[in-house]
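Chemist:
Residue numbers (our numbering): 52 to 304.
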């Protein structure tokens, strides 16, 4: 070309996600049992996080999420379910919260278009949660993202229909993205080290003594996006003696 082409790094893969074990069962860690699961709830694919990638996914490794652990979920269902097992009774209000959330977004009487607020979030994340970070950048981002998130109450959805409503879909997606953005900034600010794709100029080295653990976050997306951070231990040993355990070491080129 005769003119320079603008190039900006963007998201290719979200490391992390819904925390699961190798069966695809979703974790709900407790103080006494970090590996406690929610009975009957499973996740697979790139939405889930069995955490075979650590802090830096290798190329093509997302196939593990899709193929290996998708099959693991199916196998686990076959092990835990029996033919003709009756469904457990559901409360009469099951699903109402989801419908109420959708209707609240669809019928919200705001003045801000989804694209405008999404762009504000994107610019903030590009500035405060990009490849290289430090405490000042991250702490400013934590404060600012909550201000951006407050804009969700002023969203407007012009298309009120329920058929091929891309305006509504984008608004719902923005609500989900905002939760991810808030959690990303909070967990990044708290982790005082560099590990994989989390590269901090003020903490350039990995700190296995203090930070060899998974970050787990709870975010109240229905109120003020308050974040509670917790941690789970990293399983370093293989599940059998067929393959030797490979100790963690620095990734160098």
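Ideal placement from N, C-alpha and C gives every residue a C-beta, glycine not left out. Values in this document were obtained by computation on a predicted structure and should not be read as measured data.
1. Just the Cα atoms here: how many angstroms apart are residue 145 and residue 253?
2. Between the Cα of residue 260 and those of 139, 250, 300, spot the shortest distance and give me the residue it belongs to.
3. Just the C-alpha distance for residue 201 and residue 275, rounded to the nearest angstrom, thanks.
4. Let's test the definition: count the other Cβ atoms within 10 Å of the Cβ of residue 71 and tell me whether it reaches 16, buried, or not, exposed.
5. Per DSSP, which one or two residues make a beta bridge with residue 281?
6. Should the stretch 71-85 be regarded as contacting the stretch 231-246, the criterion being three or more beta carbon pairs within less than 8 Å?
7. I need the DSSP call for residue 248, collapsed to helix, strand or coil.
8. Please report the straight-line C-alpha distance between residue 120 and residue 148, rounded to a whole angstrom.
9. Tell me the start and end of each unbroken beta strand (DSSP E) in the stretch 72-141 that is at least 3 residues and wholly inside, in chain order.
10. Between which two residues does the alpha helix (DSSP H) holding residue 238 run?
11. Mind checking whether residue 169 and residue 225 have CB atoms under 8 Å apart?
12. Excluding the 5 residues flanking residue 288 on each side, which residues of the same chain have their C-beta closer than 8 Å to its C-beta?
13. Could you tell me which residues DSSP puts in a beta bridge with residue 160?
14. May I ask you to verify whether the stretch 148-163 touches the stretch 201-218, counting CB pairs closer than 8 Å and requiring at least 3?
15. If residue 163 and residue 222 are in contact, beta carbons under 8 Å, what's the gap, nearest whole angstrom?
16. What whole-angstrom Cβ distance do residue 184 and residue 250 have, given they're in contact under 8 Å?
17. Looking at residue 124 and residue 155, is the spacing between their C-beta atoms short of 8 Å?
18. Roughly how many angstroms lie between the CA atoms of residue 112 and residue 118, to the nearest whole one?
19. When the distance is taken between beta carbons, is residue 229 closer than 8 Å to residue 176?
Modeler: In short:
1. By one-based count along the chain shown, residue 145 stands at place 94. By one-based count along the chain shown, residue 253 stands at place 202. About 48 Å.
2. Within the chain shown, numbered from 1, the residue matching residue 260 stands at position 209. Taking only the C-alpha atoms, the option nearest residue 260 is 300.
3. If you number the chain shown from 1, residue 201 lands on position 150. If you number the chain shown from 1, residue 275 lands on position 224. About 8 Å.
4. Residue 71 sits at position 20 when you count from the first residue of the chain shown. Looking at its Cβ environment, which holds 16 or more other Cβ atoms inside 10 Å, residue 71 is buried.
5. Start at 1 with the first residue of the chain shown, and residue 281 comes out as number 230. In DSSP, residue 281 forms a bridge with 267.
6. no
7. Working through the chain shown from its first residue, we reach residue 248 at position 197. Looking at residue 248 - three-state DSSP - the assignment turns out to be coil, as it is neither helix nor strand.
8. Your numbering for residue 120 matches position 69 in the chain shown. Your numbering for residue 148 matches position 97 in the chain shown. The alpha-carbon atoms of residue 120 and residue 148 are separated by roughly 29 Å.
9. 76-78, 88-93
10. By one-based count along the chain shown, residue 238 stands at place 187. First-last of the alpha helix (DSSP H) with residue 238: 217-241.
11. Residue 169 sits at position 118 when you count from the first residue of the chain shown. Residue 225 sits at position 174 when you count from the first residue of the chain shown. Closer than 8 Å, so yes.
12. Within the chain shown, residue 288 is the residue found at index 237, counting from 1. Closer than 8 Å at Cβ, skipping near neighbours: 296.
13. For the purposes of this step, residue 160 is identified with residue 109 of the chain shown, where counting begins at 1. DSSP output for residue 160 lists 207 as bridge partner(s).
14. yes
15. The residue labelled residue 163 in the question sits at position 112 within the chain shown. The residue labelled residue 222 in the question sits at position 171 within the chain shown. Incorrect: roughly 10 Å between the Cβ atoms, too far for contact.
16. Within the chain shown, residue 184 is the residue found at index 133, counting from 1. Within the chain shown, residue 250 is the residue found at index 199, counting from 1. Rounded, the Cβ-Cβ distance is 7 Å, consistent with contact.
17. Within the chain shown, the letter at position 104 stands for residue 155. Within the chain shown, the letter at position 73 stands for residue 124. No, these two residues do not count as a Cβ contact at 8 Å.
18. Reading the chain shown from its first residue, position 61 is the one you call residue 112. Reading the chain shown from its first residue, position 67 is the one you call residue 118. Distance between the alpha carbons of residue 112 and residue 118 is about 10 Å.
19. On the chain shown, position 125 is the one that residue 176 refers to. On the chain shown, position 178 is the one that residue 229 refers to. Taking 8 Å as the Cβ cut-off, residue 176 and residue 229 do not qualify as a contacting pair.
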